[in-house]
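Before any comments, here is the structure.
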Amino acid sequence: SGAAEKAAALIESLDASSLLSAADDDAEAYADLQRSWKDSDMGPEEKSRIEARALAVPVSLVERCHAQIVAIDGFLPDCNPNITSDAKVGIHQLAGAARAAYQTALVNNPPA
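Each number in the numbering used here corresponds to the 1-based position in the sequence shown with 2 added.
This is the structure:
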């Protein structure tokens, strides 16, 4: 059926390590954002750059989670019916990560 090859290709395409490194990127972006709130000597250009990055990092994570959910969902028709629950757990985990990243974006970009 080719399911094993499709599963291997899916696993390779998911690149979980890039999602894990997003946590480090987010921590760094948030630390810079906090610094921008306290540093009265910071110029407006640097502050704008920091604010943009603090928003871009979690939004990018939402987008990457979505892309991976779509990839897993596309694999489900080829998946062994006895293990589709495992693939669906991956979808739920990615959805949770996307929701957490969305909440981070809201915190990092509060309404004026």
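Beta carbons are placed, not taken as given, at the ideal position from N, Cα and C, and that holds for glycine.
Exposure of residue i, with buried meaning 16 or more beta-carbon neighbours within 10 Å
i           : result
residue 83  : exposed
residue 79  : exposed
residue 107 : buried
Member of the options whose CA lies at the smallest distance from the CA of residue i
i          : options           : result
residue 65 : 55, 39, 41 and 99 : 99
residue 93 : 79, 67 and 19     : 67
Residue i: first and last residue of the uninterrupted alpha helix (DSSP H) it sits in
i          : result
residue 46 : 46–77
Three-state class that DSSP yields for residue i in the structure shown
i           : result
residue 98  : helix
residue 4   : coil
residue 20  : helix
residue 80  : helix
residue 111 : coil
residue 87  : helix
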